[in-house]
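Written below as structure tokens is the structure these notes are about.
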Amino acid sequence: MIKHKLFREYFLLASAILILTIFLGFFTSRFVAEAFKPERTERQMLPPLFLAKTIDHLAYPTKLEAIRGMESFHDRQFVRPALVLINQDRQILYAENEVLPENLPSAEILLSLVNEYDFKFYGEKQEVNRPPPMPGGPGLGGPGGPPPGGPGGGSQMPRQKSVVKLRDSQNDSQKYYLVIIPPVMKEPEGMAKIMPILGFGSLVLSLLIGVGLTLFVIYLSVRKKVQNADFVISELHKGNLKARFQVDRNDEFGQAMMRFNQMADEIEHLVNHLKNVEVSRRKLLQELAHDLRTPIASLKTLLETLETNDAKLDVKTKAELLLLSNKEVAYFARLVEDLLVLSQVDDPKYNSENSGVHISQLLQDEIYDLEFKNITKRVEFKSDFAEGLPLIDGDRNLIKRMLRNALENSVSFAQSKLWISILDISDTTFSIVISDDGVGFKPESLLEFGERRMTRKILEPDQNSRVSVGLGSVIMKKICEIHGGQLKAENRINEQGVIEGAKVTFTLPKSKTT
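Residue numbers in the sequence shown follow this note's numbering, run continuously in steps of one, and reach 526 at the last position.
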């Protein structure tokens, strides 16, 4: 699939759009997370000694007032540890909130703290999964900063309850202890609770948007081509055979449009050919109708003469009239045969039933038939070709008819000699040349040869004088062209510029099987 240019184009387009939308979805997820991120509820813990010394150094008359004063300075928007002031009897002297007895240190722990600022951790450790710190100023929970374990992501930070022995008061015999209880971290609420779902949902949504955008771009591209195809087809339907696709790409779409244009060219050629054939046939029928009036009138006159003057005519005159009538009938028979062949030349079966035809053998057969038919006219046939070579791919009957027409025409005009030769022009073509020593072609006849009717008469009284409307040359040229060849008619001229006869040349392709 990757070898196909169209697939590569759409694959790269889809990949680029999907990657772009995934990046947009990722950054959107980060933006939403930052926008709705709850405020930090946990700060890095400060050492117990720092808190204890801070309370002792505050200028307050009593420890109780010092703790209250320090808490009044604390930023209450953050969750802070609970500070509890107790005496040696574990009596709670100060606590902002209710403190359970089990959260206080035992009497043994208090007795172990002898000197001022002695401290001790007690209770179970709390493993806290800390996110990266937020910048901020100092507070009761301490300043922000990187957590233990190095900068960067979150780390596991142990936290325990602690107790510190405060400095003894000069005016008071009681011993005071500062108990520091870490805050209990609350479960996320509101937007913080659904943030993971929003992040995943934004990625899925970006992926769906990318797929939809890709399909939309591909749809626009395909729709443009479909509209172009509809326009071209509608133009062809209206009769504009010149309508074609503008091919501006070299992918599968471009190749398909090129094949469509080739098909349209073939259709245009076929339609134009049919129009030309129809015009030619109509013109031919009009000319035939015009030219048939004379022989029909002549035949009618001959028959009426025989019918009305039969008793008055001698035997010789009757024989001449019957001979002339027979010639007219023969002319009509030949005309009908020529018209039938001409109508069948364009039949598709002649293009599909091709085989290797031996031209030399076919010519020898036709020469033999002509010598037998024209025994009264002594014409010497001279041939120059080797048997069996060359071959031509085509229909045997059509080629035979083409050669017969050419030979009969040359025999009818030849004085005494007829030359037939096969010339090897190249590796792919050869020529059949038929020449006679007759009167040659008239200039107007050369211009009309193979295109329209031509009239020629044999002037000798001992020959079968006939009138031709030129269908023989039309048939020869048509058969030659459908076999991929060319027909040329010309006069034989000697060194003095005198016409010595006529020459017809067929140039045909050799068989591909030889």
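Glycine included, C-beta positions come from ideal geometry on N, C-alpha and C.
- Excluding five sequence positions before and after I209, none of the CB atoms of its chain fall closer than 7 Å to its own CB.
- Shown here for V176: same chain residues with a beta carbon closer than 6 Å to its own, the five before and five after excluded, namely P60, A64, F131 and L190 in chain order.
- Here DSSP, grouped into helix, strand and coil, assigns T329 to helix.
- A distance of 8 Å or more separates the beta carbons of K75 and L95.
- A residue is called buried once 16 or more other Cβ atoms fall within 10 Å of its Cβ, and L410 is buried on that count.
- According to DSSP, residue pairing for G406 in a beta bridge involves S367.
- Cβ-Cβ separation between I487 and N417: approximately 6 Å, consistent with a contact (criterion under 8 Å).
- Scanning its chain for C-beta atoms nearer than 7 Å, with the 5 sequence neighbours on each side dropped, one finds around I79 the residues I67, L95, L97 and Y106, in chain order.
- With a 10 Å radius around the Cβ and a threshold of 16 neighbouring Cβ atoms, I31 comes out exposed.
- Going by DSSP, I444 is part of the beta strand (DSSP E) stretching over T441 to D448.
- Under the DSSP assignment, F518 falls in the beta strand (DSSP E) whose first and last residues are I511 to P521.
- If you draw a 10 Å sphere on the C-beta of L520, you find 16 or more other C-beta atoms in it, and that means buried.
- For the pair L419 and L382, the CB atoms are nearer than the 8 Å cut-off.
- Cβ-Cβ separation between L403 and S523: approximately 4 Å, consistent with a contact (criterion under 8 Å).
- For a cut-off of 8 Å, the C-beta gap from E378 to L415 is around 5 Å, short enough to register as a contact.
- Between the segment 275-285 and the segment 303-317, the count of Cβ pairs shorter than 8 Å is below three; the stretches do not touch.
- If you compare the alpha carbons of I437, N506 and L335 with that of G452, the shortest gap goes to N506.
- Annotated as distal: F397 and S438, with beta-carbon spacing of 8 Å or more.
- When the beta-carbon positions are compared, E463 and S428 stay at least 8 Å from each other.
- For V283, the secondary structure class from DSSP, reduced to helix, strand or coil, is helix.
- Listed in chain order, the non-local C-beta contacts of A255 below 6 Å within the same chain comprise V244, E247 and L248, local neighbours out to five positions each way being set aside.
- Where I104 is concerned, the enclosing beta strand (DSSP E) starts and stops at I104 to A107.
- The criterion of a C-beta distance shorter than 8 Å is satisfied by K330 and L318.
- If the five residues before and after R390 are omitted, its C-beta is found closer than 8 Å to the C-beta atoms of S428, all from its own chain and listed in chain order.
- Shown here, I487 sits in a helix according to DSSP, grouped into three states.
- Apart from sequence neighbours up to five positions away, no residue of its chain approaches T306 with a beta-carbon distance below 7 Å.
- Judged by DSSP secondary structure, D68 falls within the alpha helix (DSSP H) whose first and last residues are P60 to H69.
- The segment 120-129 and the segment 211-220 do not touch, with fewer than 3 CB-CB distances between them shorter than 8 Å.
- When only Cα atoms are considered, K454 and L315 end up about 34 Å apart.
- Straight-line spacing of the CA atoms in G224 and V357 works out to 60 Å.
- With respect to L351, L499 sits apart: the two C-beta atoms are not nearer than 8 Å.
- The beta carbon of L36 sits closer than 7 Å to the beta carbons of S218 from its chain, once the five residues preceding and following it are set aside; these are given in chain order.
- Annotated three-state conformation of F393 is strand, per DSSP.
- Bounds of the alpha helix (DSSP H) holding S124 are A119 to S124.
- In the DSSP secondary-structure assignment, I505 is bridged to I511.
- Note on A426: 16 or more other CB atoms within 10 angstroms of its CB, so buried under the neighbour-count rule.
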